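> One structure, pasted below without further comment.
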Amino acid sequence: MLESPLNRLVRRLEVDSSPLSQAEKDALLRLPVTIREIDADQDILREGDRPSQCYVILEGFQCRYKMLRDGERQIMSFHIAGDIPDLQSLFLQVMDHSLGTITPNRVGFISHDTLRELIRAQPGIGERLWRETLIDAAVFREWITNVGSRDAYTRIGHLICEFFVRLRSVGLAKGTTFNFPITQTEIADATGLSMVHVNRSVQQLRADGLIHLERGVCTIPDFARLKDASMFEPGYLHLQDSEALMV
Amino acid sequence: MPHYFFDTRDGADFIRDEEGIELRGIEAARDEATRGLTDLAKDALPGALRRELAVEVRDGANHALLRAALWFEVAVLVA
Chain A
289 MLESPLNRLV RRLEVDSSPL SQAEKDALLR LPVTIREIDA DQDILREGDR
339 PSQCYVILEG FQCRYKMLRD GERQIMSFHI AGDIPDLQSL FLQVMDHSLG
389 TITPNRVGFI SHDTLRELIR AQPGIGERLW RETLIDAAVF REWITNVGSR
439 DAYTRIGHLI CEFFVRLRSV GLAKGTTFNF PITQTEIADA TGLSMVHVNR
489 SVQQLRADGL IHLERGVCTI PDFARLKDAS MFEPGYLHLQ DSEALMV
Chain B
12 MPHYFFDTRD GADFIRDEEG IELRGIEAAR DEATRGLTDL AKDALPGALR
62 RELAVEVRDG ANHALLRAAL WFEVAVLVA
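Protein chains in written order, with the numbering used here: chain A, 289 to 535; chain B, 12 to 90.
As structure tokens, then:
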């Protein structure tokens with residue numbers, strides 16, 4: 289039971305709430321899952337799709353985005369292992385945006401019918417999944433604030449802080465070192481900045497000693513400093529104990 | 012696709028682009044430099060009275076290809 293691929297999901301659902309009961313845990317880990325390996329830079333769902341299943345990211349990084357008519361891409365969130373990025377498809381039939389991989393991924397698909405049965409049998413899990421979508425919305429609110437009101441330096445610093453705290457909360461950071469496989473183009477698409485300004489701001493964050501970033505691995509030498517410089521307050525992530533996660 | 016590097020200047024503050032990006036050609040590089048310049052201006056100009064900003068484009072062999080610059084000045088006309 290312990291090596292179920294859905295352990296990642298259990299961990300995620302416990303991170304921002306109390307531990308699951310044994311019955312809830314068992315029900316989750318018993319779910320039939322179809323595992324798929326997906327290459328980097330592939331769409332999993334496109335705007336207009338009508339999914340009949342949801343998926344849990346077991347390994348890898350993804351983004352949620354919309355393509356504009358002129359070919360511009362707006363990234364609206366990044367997703368990491370343990371997330372169910374298309375949970376809303378359980379109730380909203382048609383995708384109003386796309387989801388794609390950034391790195392190679394391993395994902396676990398669970399059919400909508402199975403999930404509905406699970407929620408009926410274990411309403412506590414239903415509440416937690418509902419909570420997940422509310423936290424997603426809180427993150428979107430923060431991103432609107434980030435893109436609308438913070439300068440480039442702060443905006444990118446904020447994005448890196450969020451990435452780190454989320455990874456750390458599910459045990460995917462080593463101290464303050466973590467995978468950050470996001471290219472400057474992807475940062476530009478996520479922050480509404482030009483690539484030139486992203487490049488300059490990343491160099492400034494480096495020069496100020498706030499981040500070390502090399503070949504997709506980021507280290508934050510002094511999280512308190514980066515947090516302060518980026519106006520990052522983790523409350524919106526609604527982690528069970530945000531302060532305890534603050535290094 | 013050719014690789015272009017975008018160095019940026021804000022007065023005496025020069026930042027060299029070590030990563031660069033691939034673009035279709037010099038036209039696309041010009042567009043990117045222009046977008047970059049307006050973006051830099053948005054953060055750098057508020058509160059300033061005088062500022063010179065520039066984006067300088069190099070190719071992979073370090074040849075300077077293009078420079079987009081913006082000169083900003085506020086003249087206060089009443090005491």
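Idealized CB from N, CA, C, for every residue including glycine.
None of these values were measured; they are calculated from a predicted model.
Nearest CA to the CA of lysine 313 of chain A: which residue from A:Asp477, A:Ala440, A:Leu455 and A:Ala409?
The sequence position of residue 313 of chain A within the first sequence is 25, counting from 1. Considering only alpha carbons, the answer is A:Ala409.
> Of all Cβ atoms in chain B, is any one closer than 9 Å to the Cβ of methionine 289 of chain A?
On the first sequence, residue 289 of chain A is found 1 positions in, with the first residue counted as 1. Note on methionine 289 of chain A: pLDDT 43, under 50, position unreliable in the model; no value is reported.
> Among A:Ala478, A:Met483 and A:Leu447, whose alpha-carbon lies nearest the alpha-carbon of alanine 517 of chain A?
Counted from its first residue, the first sequence places residue 517 of chain A at position 229. Residue A:Leu447 is the option with its Cα nearest to alanine 517 of chain A.
> Would isoleucine 37 of chain B count as contacting chain A if we go by Cβ distances under 9 Å?
Within the second sequence, numbered from 1, the residue matching residue 37 of chain B stands at position 26. Answer no: the Cβ-Cβ gap between isoleucine 37 of chain B and chain A never drops below 9 Å.
> Considering only the alpha carbon of each residue, which of A:Tyr343, A:Pro411, A:Asp401 and A:Arg357 lies closest to proline 373 of chain A?
As a first step, residue 373 of chain A is located in the first sequence; it is residue number 85 there, counting from the start. The shortest Cα separation from proline 373 of chain A among A:Tyr343, A:Pro411, A:Asp401 and A:Arg357 belongs to A:Tyr343.
> Three-state secondary structure (DSSP) at threonine 465 of chain A?
Here the question's residue 465 of chain A lines up with position 177 in the first sequence. Three-state DSSP puts threonine 465 of chain A in a strand.
> Could you tell me which of A:Ser365, A:Val486 and A:Leu333 sits nearest to glycine 445 of chain A, measuring between CA atoms?
What you label residue 445 of chain A is simply residue 157 of the first sequence in a count that begins at 1. Ranking A:Ser365, A:Val486 and A:Leu333 by Cα distance to glycine 445 of chain A puts A:Val486 first.
> Histidine 500 of chain A to serine 489 of chain A, Cα distance in whole Å?
Here the question's residue 500 of chain A lines up with position 212 in the first sequence. Here the question's residue 489 of chain A lines up with position 201 in the first sequence. Cα to Cα, the separation comes out at about 13 Å.
> Is there a C-beta anywhere in chain B that falls below 9 Å from the one on leucine 481 of chain A?
Counting from 1 along the first sequence, the entry for residue 481 of chain A is found at position 193. Closer than 9 Å: yes.
> Take glutamine 330 of chain A and list the residues in its own chain whose beta-carbon comes closer than 7 Å to its own, dropping the five residues that flank it on each side.
Counted from its first residue, the first sequence places residue 330 of chain A at position 42. Closer than 7 Å at the Cβ level, and outside the excluded window around glutamine 330 of chain A, lie Gly388 and Thr389.
> Under DSSP, the alpha helix (DSSP H) around threonine 421 of chain A begins and ends at which residues?
By 1-based counting over the first sequence, the position of residue 421 of chain A is 133. Here the alpha helix (DSSP H) through threonine 421 of chain A covers 411-437.
> For a contact meaning CB atoms closer than 9 Å, what does arginine 69 of chain B contact in chain C?
Looking at the structure shown, chain C is missing, and the protein chains on hand are A and B.
> Excluding the 5 residues preceding and the 5 following arginine 404 of chain A in the sequence, name in chain order all residues of the same chain whose CB lies nearer than 8 Å to its CB.
Translated into positions along the first sequence, residue 404 of chain A becomes position 116. Excluding positions up to five away in sequence, the list reads Leu378.
> Is the beta carbon of leucine 375 of chain A closer than 9 Å to that of leucine 417 of chain A?
As a first step, residue 417 of chain A must be located in the first sequence, where it is residue number 129. As a first step, residue 375 of chain A must be located in the first sequence, where it is residue number 87. In contact: leucine 417 of chain A and leucine 375 of chain A (Cβ atoms closer than 9 Å).
> Kindly indicate which residue of A:Glu474, A:Ser305 and A:Glu521 has the alpha-carbon position closest to the one of glycine 504 of chain A.
Along the first sequence, read from residue 1 onward, the residue named residue 504 of chain A stands at position 216. With distances taken between Cα atoms, glycine 504 of chain A lies closest to A:Glu474.
> Along the chain, where does the alpha helix (DSSP H) that runs through glutamine 381 of chain A open and close?
One-based indexing of the first sequence puts residue 381 of chain A at position 93. From DSSP, glutamine 381 of chain A is part of no alpha helix (DSSP H); its letter is neither H nor E.
> Which whole-angstrom value describes the C-beta separation of arginine 324 of chain A and valine 395 of chain A, a residue pair presumed to lie in contact below a C-beta threshold of 8 Å?
Here residue 324 of chain A corresponds to residue number 36 of the first sequence, with the count starting at 1. Here residue 395 of chain A corresponds to residue number 107 of the first sequence, with the count starting at 1. Confirmed, about 6 Å.
> Is the Cβ-Cβ distance between alanine 75 of chain B and valine 66 of chain B less than 9 Å?
Within the second sequence, residue 75 of chain B is the residue found at index 64, counting from 1. Within the second sequence, residue 66 of chain B is the residue found at index 55, counting from 1. No, Cβ-Cβ distance for alanine 75 of chain B and valine 66 of chain B is not below 9 Å.
> Looking at C-alpha atoms only, which residue of A:Phe397, A:Ile413 and A:Phe466 is the closest neighbour of serine 306 of chain A?
Position 18 of the first sequence, counting from 1, holds the residue named residue 306 of chain A. Nearest of A:Phe397, A:Ile413 and A:Phe466 to serine 306 of chain A, Cα basis: A:Ile413.
> How far does the beta strand (DSSP E) with isoleucine 398 of chain A in it extend, from its first residue to its last?
For the purposes of this step, residue 398 of chain A is taken as the residue at position 110 of the first sequence. If you look at isoleucine 398 of chain A, you'll find it in the beta strand (DSSP E) that goes 393-399.
> Measuring CB to CB, does glycine 336 of chain A end up less than 9 Å from alanine 369 of chain A?
For this step, residue 336 of chain A is matched to residue 48 along the first sequence. For this step, residue 369 of chain A is matched to residue 81 along the first sequence. No, these two residues do not count as a Cβ contact at 9 Å.
> What is the DSSP secondary structure of leucine 346 of chain A, reduced to helix, strand or coil?
Along the first sequence, read from residue 1 onward, the residue named residue 346 of chain A stands at position 58. Of the three classes helix, strand and coil, the one that applies to leucine 346 of chain A here is strand, per DSSP.
> Provide the residue span of the beta strand (DSSP E) that contains methionine 364 of chain A, from first to last.
Here the question's residue 364 of chain A lines up with position 76 in the first sequence. 361-367 is the span of the beta strand (DSSP E), which, as asked, contains methionine 364 of chain A.
> Starting from the beta carbon of glutamine 310 of chain A, find every residue of chain B whose beta carbon is closer than 8 Å, and list them in chain order.
Locating residue 310 of chain A in the first sequence gives position 22, where the first residue counts as 1. What glutamine 310 of chain A touches in chain B: nothing, since even the nearest Cβ is about 50 Å away.
> Could you check the C-alpha separation between leucine 290 of chain A and histidine 385 of chain A for me, to the nearest Å?
Reading the first sequence from its first residue, position 2 is the one you call residue 290 of chain A. Reading the first sequence from its first residue, position 97 is the one you call residue 385 of chain A. Bear in mind that a pLDDT of 49 at leucine 290 of chain A, under 50, signals an unreliable position, so the number given afterwards is only what the model happens to contain. Whole-angstrom Cα-Cα distance: 34 Å.
> Distance cutoff 9 Å, beta carbons only. Does valine 435 of chain A sit that close to anything in chain B?
On the first sequence, position 147 is the one that residue 435 of chain A refers to. Not an interface residue.
> Out of A:Phe452, A:Gly463 and A:Gly436, which one is the CA nearest neighbour of isoleucine 470 of chain A?
Mapped onto the first sequence, residue 470 of chain A falls at position 182. Answer by Cα proximity: A:Phe452.
> Quick one: what's arginine 69 of chain B bridged to in DSSP?
Along the second sequence, one-based indexing puts residue 69 of chain B at 58. Paired residue(s): B:Phe16 and B:Ala75.
> Which residue's Cα is closest to the Cα of arginine 35 of chain B: B:Thr49, B:Tyr15, B:Leu64 and B:Asp24?
Here residue 35 of chain B is taken as the residue at index 24 of the second sequence, counted from 1. Nearest of B:Thr49, B:Tyr15, B:Leu64 and B:Asp24 to arginine 35 of chain B, Cα basis: B:Tyr15.
> Which of the three DSSP states is assigned to histidine 500 of chain A in this structure?
Within the first sequence, residue 500 of chain A is the residue found at index 212, counting from 1. Three-state result, histidine 500 of chain A: strand.
> In chain B, which residues lie with their C-beta within 9 Å of the C-beta of alanine 440 of chain A?
On the first sequence, residue 440 of chain A is found 152 positions in, with the first residue counted as 1. Within chain B, the residues near alanine 440 of chain A are Asp50, Leu51, Lys53 and Asp54.
> Would you please verify whether the beta carbon of isoleucine 488 of chain A is less than 9 Å from any beta carbon of chain B?
Along the first sequence, one-based indexing puts residue 488 of chain A at 200. This sequence places arginine at residue 488 of chain A; isoleucine is not what is there. At least one chain B Cβ lies under 9 Å of arginine 488 of chain A.
> Pairing CB atoms from the segment 14-30 of chain B with CB atoms from the segment 38-57 of chain B, are three or more of them under 8 Å?
yes
> What residues in its chain sit with their C-beta under 7 Å from that of leucine 333 of chain A, if we drop five residues either side in the sequence?
Counted from its first residue, the first sequence places residue 333 of chain A at position 45. The residues are Pro339, Asp374, Met383, Ser386 and Leu387.
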